Structures are given as structure tokens and as C-alpha cells.
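One structure below.
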């Protein structure tokens with residue numbers, strides 16, 4: 160059985176180190192895992208007045224249906240998470256049949272001095288309501304401005320790399336635990 | 160001298176009780192204050208790759224330039240703030256000459272059981288980085304589902320109304336204090 | 160197999176509604192669970208200079224060793240948790256062989272308007288570091304000043320009572336899940 | 160007029176880097192400021208059942224009465240603040256005539272990787288209820304394990320030192336602003 164993971168980067172720019180963390184994860188997946196990165200750039204802000212779900216939302220929700228777990232990479236903007244990532248989760252939370260509840264989540268992020276930690280703690284509170292199950296450890300806090308990434312946002316730091324690898328292994332174990 | 164306030168509702172739907180709180184504030188402004196509600200619905204997600212500022216962002220930032228203070232109304236989605244409001248602040252935070260720093264902020268919100276309190280405490284952390292100056296008191300936590308608003312999102316509860324009025328007076332005093 | 164739970168009340172006063180929540184839990188335990196309330200009143204503030212562990216700390220840590228899970232009841236003081244409860248956890252976190260890691264936690268609390276929710280979200284961040292596994296649901300937020308408790312701190316509100324019962328069942332399920 | 164500051168260290172051990180930060184502040188006070196460090200080690204946990212205030216609490220509250228502002232240094236234990244510091248504030252919050260309201264606060268801290276930032280953001284939420292007025296900037300996050308302090312807890316890092324000096328100047332300005 161292959162475990163399916165949905166990865167979401169909270170940053171929309173091409174050379175984002177957060178998207179780079181996900182690329183690194185993709186290349187370093189433990190055996191038996193499959194990772195799909197979903198694009199959230201075209202998902203509009205949630206608005207209860209919309210009579211029909213926008214196409215980007217439908218595609219996003221469809222991708223989530225068969226996932227076993229999530230991998231979120233969030234930048235930190237102004238001491239909190241990226242709105243694009245939270246907005247995608249807000250859309251997902253409105254489904255009658257939950258596409259989130261009870262699923263395992265691995266968190267990571269790249270940002271300035273605190274490596275997105277402030278953003279991740281805010282996200283963790285969001286996950287309580289969504290009844291998602293974030294790993295406690297390892298935490299991945301990558302400094303985006305300390306030579307940790309190249310100009311294209313590729314991870315070049317091996318300590319952070321090992322950290323991401325350990326996160327993926329822990330995610331796999333958590334999914335298997337939750338499936339029992 | 161008239162004190163200029165920019166009001167922003169984090170909710171985009173027409174009958175939003177949060178937008179209703181701002182309408183109520185507009186009708187109950189203390190003397191010497193002027194309130195302008197800015198629309199953030201057309202502001203796209205922040206993306207550092209964008210070569211030019213979108214028109215909606217330019218208009219938003221222009222409106223902020225001459226303001227003396229802010230009035231934010233936030234719904235609570237999944238135990239945190241509305242992405243649309245945070246995203247507008249993220250754009251504003253990128254200006255070389257700050258349009259935010261040192262300005263007074265009044266917070267209010269309407270939501271389920273906790274009246275948006277979880278959203279507001281997350282927002283307060285964002286305001287630390289932006290060097291905005293939120294009032295500590297009064298806090299306005301309106302239950303959106305307890306007959307506090309009519310079907311169009313108009314505030315009908317006089318206790319919350321008095322609370323909003325007290326908030327506006329405190330905002331006026333804070334602005335005058337910060338200008339000394 | 161009987162599942163052993165350690166219950167801790169963050170409030171030290173005799174008629175505390177938080178201690179009352181624990182008494183209610185004690186009387187309404189699901190089959191196969193055993194609950195022991197530990198007293199933290201005599202545990203001094205953590206201080207790395209102390210050459211020997213105080214007797215109250217030794218007794219506390221001994222009680223924790225064989226537990227399968229935790230039930231915490233926290234009042235809310237000044238928008239955060241009770242220092243006595245956090246201090247006990249700080250002591251426990253210093254053990255070379257963890258008495259906490261990986262164990263299930265059920266959170267509840269009684270306080271003013273927000274029913275200790277602000278305290279509980281702060282506690283949840285503490286649990287991340289301790290690698291404890293708090294339930295997401297149900298959340299138990301009891302208003303301590305709305306006729307929910309009698310003068311001795313006994314729970315008299317059946318809705319909150321049902322909520323506590325559901326919490327205990329969820330705790331039992333979580334422990335069994337984590338043991339697999 | 161001399162501005163009076165009360166300094167409190169959340170750590171009780173003799174060689175604490177947090178107490179070291181306060182000693183550094185004491186030696187580098189801007190002109191016109193006077194700093195008194197209060198000892199909170201003997202303040203017992205708050206307990207509403209106590210019929211009389213303990214002597215240590217009375218002395219603590221007396222010291223606070225004539226202060227113009229506060230300087231808090233907090234370690235980070237398990238991703239949050241030191242219980243001893245919060246407990247002292249909890250006692251102070253119970254006074255009929257507030258000894259806290261409206262006063263300026265400067266925050267700093269020494270801890271592991273994140274330099275006490277997680278502790279400080281929790282403290283900031285406490286300050287909202289107490290109606291204290293924390294500075295937004297500068298934030299002082301000292302790594303306690305990176306050669307920043309000597310074995311006695313004395314600050315040896317000049318960057319952090321400059322940061323503390325800037326904090327004291329900002330505190331002075333904030334007090335003068337709030338007094339206008």
C-alpha cells in the first residue's frame with residue numbers, strides 16, 4: 160500500500176525556499192510514500208456568497224479526497240502564516256464530508272530569523288479545529304537568508320535536509336499509526 | 160482637526176456581521192472622527208514575483224497613507240483570522256515608507272461561540288511586527304449566531320453596540336495620545 | 160487491562176470549579192479506566208540550582224511513571240494558564256527518561272467568559288514541546304460564573320457534564336490508538 | 160524627574176542569563192531612569208483561599224506601587240514563559256486599585272534556539288488583559304547557549320548588549336509618551 164501525501168506551499172513565488180523544501184521532500188521520500196504538490200495560487204478568497212465553487216477550488220478538493228496525510232510548508236509574513244495556505248484550508252473545511260479530519264500533518268517552513276516558527280504555531284491552532292493531527296517532532300525551521308537555499312530556492316543545507324528526511328519518516332509512521 | 164480612520168472588514172460576503180459592525184461604527188462615530196471603509200476583495204495574494212503592484216493594491220495603499228488609525232473587523236475561520244484581511248496587511252507591510260508604523264488600531268469581530276477572540280489574538284501578534292498599536296480595551300467579541308445581527312448583518316444587540324461605541328472613543332483617545 | 164489516568168487541577172483553592180470538573184470525571188469514568196488526582200500545591204517553582212529534588216516533586220514524578228494518559232483542568236488567569244500546573248509540567252519535563260512523551264492528554268477548564276479557552280491554547284503549545292498528544296475534540300470550556308457549578312465547585316450543568324463524559328471516552332480511544 | 164522601573168527575572172537560579180540581562184540593563188540605564196530588581200522567589204502560588212496576603216506578596220505589591228514601567232526578563236520553559244514571573248503578575252492583577260494598568264513594559268529573554276520568543280508572545284497576551292503597554296520594538300531574543308553569557312550569567316555579547324540599550328531608550332520614550 161502506498162501512502163499518499165498532499166504537499167502545499169504557502170508561498171506563490173517561483174523561487175520560494177518553501178516550495179524548495181517541498182521539492183527536496185519529493186526527492187527524498189521514504190519508500191511506500193507518494194507525494195503530490197497541489198497549486199493553490201488560483202484559489203480565490205473564501206466567500207460564502209459564491210453560488211458555485213470556483214474551478215480551482217473543485218480541483219483542490221478533489222486532490223485532497225484520497226490523501227492519507229499532508230505536508231505544509233509555510234513562509235512567515237509579519238509573524239504569522241501565509242494567507243494563501245490558510246485560505247485553501249478554509250475552503251477545505253467547508254466540505255460536508257470532511258477531507259481533512261483525522262489525517263496526519265507534517266509542518267515545515269522557511270523564513271527569516273525564527274525560521275517560520277511563529278507562523279507554524281499559529282497554524283497548529285488552526286489544525287485543532289480542523290481535527291488534523293500534526294506531528295510534534297521534528298520541527299523544521301529553516302532560515303531562508305543564511306545560505307540555506309540557492310537562488311532558485313533549492314535547499315543546500317544538509318542539516319535542514321536531514322531534518323526534512325526525519326520529518327517524512329515521522330509522517331509515515333504517524334499515518335500508519337492513525338490507520339490502525 | 161479631524162482624525163481619519165480606515166476600516167477593514169475581513170469578510171467578503173455582502174451580509175457579513177463583521178461588515179455590519181463597521182457600518183454600526185460609521186453611524187456612531189465620536190465627533191472629530193472620519194471613517195473610510197476600504198474594500199479588500201480585489202487584492203490578490205501577495206506574491207514577490209509580481210513586477211508591478213496590482214491596481215487594487217495601489218488604491219488600498221493610497222487610502223492608507225493619510226490615515227490616523229485603523230478599525231479592523233475580523234471573522235474567525237478555523238480558530239484564526241480571515242486570510243483576506245491579513246493579506247491586505249501583508250501588502251501594506253512591504254512599503255518602503257511605512258503606512259502602518261505607530262498608528263492606533265481598534266479590533267473587533269463577530270463569529271461563533273468565542274466571538275472571534277482566537278482570531279483577534281493571532282492578529283495581535285501580527286500587529287507586533289507591523290508596529291501598530293492596538294488598544295487593550297475594550298475587546299469586542301460579538302456572537303454572530305445569537306440574534307446579535309439581523310439577516311443583512313446589521314447589529315441589533317445594544318450591549319455589543321455600546322461596546323463598539325466605547326471602542327471608538329478609546330480609539331480616538333489613543334490616536335490623540337500617540338500624536339502628542 | 161485498566162488504563163491509568165493522572166488528573167491535575169491547575170487551581171489550588173478548595174472549592175475550585177476546575178477541581179470540580181475532575182471530581183465529576185472521577186464519578187463518570189468509562190469502564191476500564193482508573194483516575195488518580197495528584198496534588199501539585201506543594202511543588203515549589205522549578206529552580207535548576209536545587210541540588211536535590213523536593214519531596215513533593217519526587218512524589219509527583221513517581222505518580223506519573225505508570226500513567227497512560229493525562230486529564231488537565233486549568234483555570235484562566237489573565238488570559239493564560241495557571242502557573243502551578245505549568246510548573247508541575249516543567250519539573251516533569253526535566254526527567255532523563257521522559258514520563259510524558261507520547262502520552263494522550265485531555266484538556267478541560269472552567270473560567271470566566273471564554274471558559275479558559277485562552278489558557279488551553281497556550282497549554283497546547285507547551286504540549287508540543289513535551290511531545291504529549293492532546294485530543295482535538297471535544298473541547299471543554301466551562302463558564303465558571305454562570306450557574307454551572309455550585310458553591311463548592313461541583314458541576315451542576317448537564318451540557319458541560321455530557322461534554323466531560325465525551326472527553327473521557329475520546330481519551331480512552333486515543334490511549335488505545337496510541338498503544339497499538 | 161526620575162523614571163522608576165521595576166525589573167523582574169523569571170528565573171530563580173543564581174547564574175541565570177535572564178537575571179544577567181537585568182544586571183546589564185542596570186549598568187546601562189539611560190539618564191533619568193532608576194531600576195529596582197524585585198525578587199519573586201518567595202511569592203507562593205496564587206490561591207484565592209489564602210485569608211491574608213503572604214509577606215512576600217505584600218512587599219512585592221508595595222514595590223510596584225510607585226513604578227513608572229517594567230522590565231521583564233523571561234526564560235522559555237517548554238515553549239512558554241516561566242511560571243514564577245506569571246504568578247507574580249497574577250498576584251498583582253488582584254489588587255483593587257491597579258498597580259499595573261497603563262504602564263509601559265519592556266520585554267527581553269534568554270533561552271535556547273528561539274531566544275525565548277515563544278515565551279514572550281505568550282506573555283504579550285497576558286499583558287493585554289493586564290492593560291500593560293509592551294513595546295513592539297526592539298525585541299530582545301538572546302540565545303543562552305551560544306557564548307552570549309559567561310558562566311555566571313553575565314552578558315558578554317555586544318550585539319545583544321546594544322539591543323538591550325536600545326530597549327531601555329525605547330522604554331524611557333514610551334513612559335514619557337504615556338505620561339503626556
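Residue numbers (the numbering used here), protein chains in the order written: chain D, 160 to 339; chain V, 160 to 339; chain B, 160 to 339; chain G, 160 to 339. Backbone N, C-alpha and C define an ideal beta-carbon position, used for all residues, glycine too. A quick note: this is a predicted structure, and the numbers were derived from the prediction, not measured.
For residue 323(G), there are no C-beta contacts with chain V under 8 angstroms, since the nearest C-beta of that chain is about 18 angstroms from it. Relative to the Cα of residue 165(V), the nearest Cα in the group 216(V), 201(V), 224(V) belongs to 224(V). Per DSSP, the continuous beta strand (DSSP E) segment holding residue 264(G) begins and ends at 263-270. With at least 16 other beta carbons inside 10 angstroms of its own, residue 235(V) counts as buried. Excluding its 5 nearest sequence neighbours in each direction, residue 322(B) has C-beta neighbours in its own chain below 7 angstroms: 297, 299, listed in chain order. About 7 angstroms separates the Cβ atoms of residue 278(G) and residue 270(G), confirming a contact at the 8 angstroms cut-off.
For residue 177(G), the enclosing alpha helix (DSSP H) begins and ends at 176-186.
In the displayed model, residue 219(G) falls within a helix according to three-state DSSP.
Residue 318(V) carries a helical assignment under DSSP once its states are collapsed to helix, strand and coil. For residue 333(G), no Cβ of chain D is located within less than 8 angstroms of the residue's own Cβ. Residue contact check for residue 219(D) against chain V: no CB pair falls below 8 angstroms.
At a beta-carbon threshold of 7 angstroms, the residues of chain B lying near residue 295(D) are 287, 290, ordered along the chain. Excluding its 5 nearest sequence neighbours in each direction, residue 184(D) has C-beta neighbours in its own chain below 7 angstroms: 166, 194, 230, 323, 327, listed in chain order.
For the region 269-284 of chain G, the set of positions with a beta-carbon nearer than 9 angstroms to some beta-carbon of chain D reads 272, 273, 274, 276, 277, 280 in chain order. Restricting attention to 192(B), 244(B), 274(B), the CA atom closest to the CA of residue 205(G) is found in 244(B).
Linking residue 173(V) to residue 272(D) through their CA atoms gives a straight-line distance of about 40 angstroms. One Cα belongs to residue 274(D), the other to residue 191(G), and the distance between them is close to 38 angstroms. Any Cβ of chain B closer than 8 angstroms to the Cβ of residue 339(D) would place that residue at the interface, and such an atom is present.
Ranked by Cα distance from residue 162(V), the options 177(V), 315(V), 262(V), 303(V) are led by 262(V). A contact between stretches requires three or more CB pairs, one per stretch, nearer than 8 angstroms, and the region 248-267 of chain G meets this requirement with the region 199-214 of chain G. Per DSSP, reduced to three states, the secondary structure at residue 163(D) is strand. Listed along the chain, the chain G residues whose CB falls inside 7 angstroms of the CB of residue 246(B) are 242. Excluding residues up to 5 positions away in sequence, 212, 250, 251, 254, 258 lie with their Cβ nearer than 8 angstroms to the Cβ of residue 220(B) in the same chain. Ranked by how close their Cα comes to the Cα of residue 176(B), the residues 334(B), 336(B), 315(B), 325(B) have 315(B) in first place. Contact between residue 232(D) and residue 168(D) holds, since their C-beta atoms are separated by about 5 angstroms, short of 8 angstroms.
DSSP, reduced to helix, strand and coil, places residue 207(V) outside both helices and strands of the structure shown, so it counts as coil. Classified as buried, residue 171(B) has 16 or more neighbouring CB atoms from the shown chains inside 10 Å of its CB.
The shortest CA-to-CA distance from residue 240(B) to any of 302(G), 201(G), 256(G), 281(G) is the one to 281(G). According to the DSSP secondary-structure assignment, residue 194(G) is paired through a beta bridge with 164(G). Look at the region 186-218 of chain G: the residues with a C-beta under 8 angstroms from a C-beta of chain B are 200, 204, 205, 206, 207, 208. Rounded to the nearest whole angstrom, the C-alpha separation of residue 238(V) and residue 186(G) is 44 angstroms. Around the Cβ of residue 333(D), a 10 Å sphere holds 16 or more other Cβ atoms; the residue is buried. Residues of the same chain with a CB within less than 6 angstroms of the CB of residue 265(B), apart from the 5 flanking positions on each side, are 230, 294, 326, 330 in chain order. Flagged as an interface residue toward chain G: residue 238(B), by a C-beta distance shorter than 8 angstroms. For residue 299(B), the uninterrupted beta strand (DSSP E) segment begins and ends at 299-302. Ranked by Cα distance from residue 260(D), the first of 291(D), 306(D), 318(D), 196(D) is 291(D).
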